[in-house]
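K.L.:
Take a look at this one; I'll ask things after.
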Amino acid sequence: MSRDIRASGRRAQRGQAMTEYVLVALVLVLALFTTDTLFDGKTGAQYLADLIRAFFRSLTYFLSLP
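In this note's numbering, each residue's number is its place in the sequence shown (first place is 1) plus 35.
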């Protein structure tokens, strides 16, 4: 009897974890790929790529100094 209760509890937890994963993934996709006026009409992913590009441009310049 207790084995059946434990098995059904694990199944319920597995379903809850999958639901949380899907919800978090959906929020991340919406945050990265929707256009916002905060980023001058760019998506979050484009804005992040621009920031990384600027960082590496500055880093390359710094490393090239004598």
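C-beta atoms are modelled at their ideal positions from N, C-alpha and C, and glycine is treated no differently. Everything numeric in this text was worked out from a predicted model, so none of it was measured.
What residues in its chain sit with their C-beta under 7 Å from that of residue 66, if we drop five residues either side in the sequence?
P.N.:
79
K.L.:
In terms of residue numbering, what span does the alpha helix (DSSP H) encompassing residue 97 cover?
P.N.:
Here the alpha helix (DSSP H) through residue 97 covers 79 to 99.
K.L.:
Measuring straight from C-alpha to C-alpha, what distance separates residue 94 and residue 81?
P.N.:
20 Å
K.L.:
Look up residue 70 in the DSSP assignment and give the residues it is bridged to.
P.N.:
78
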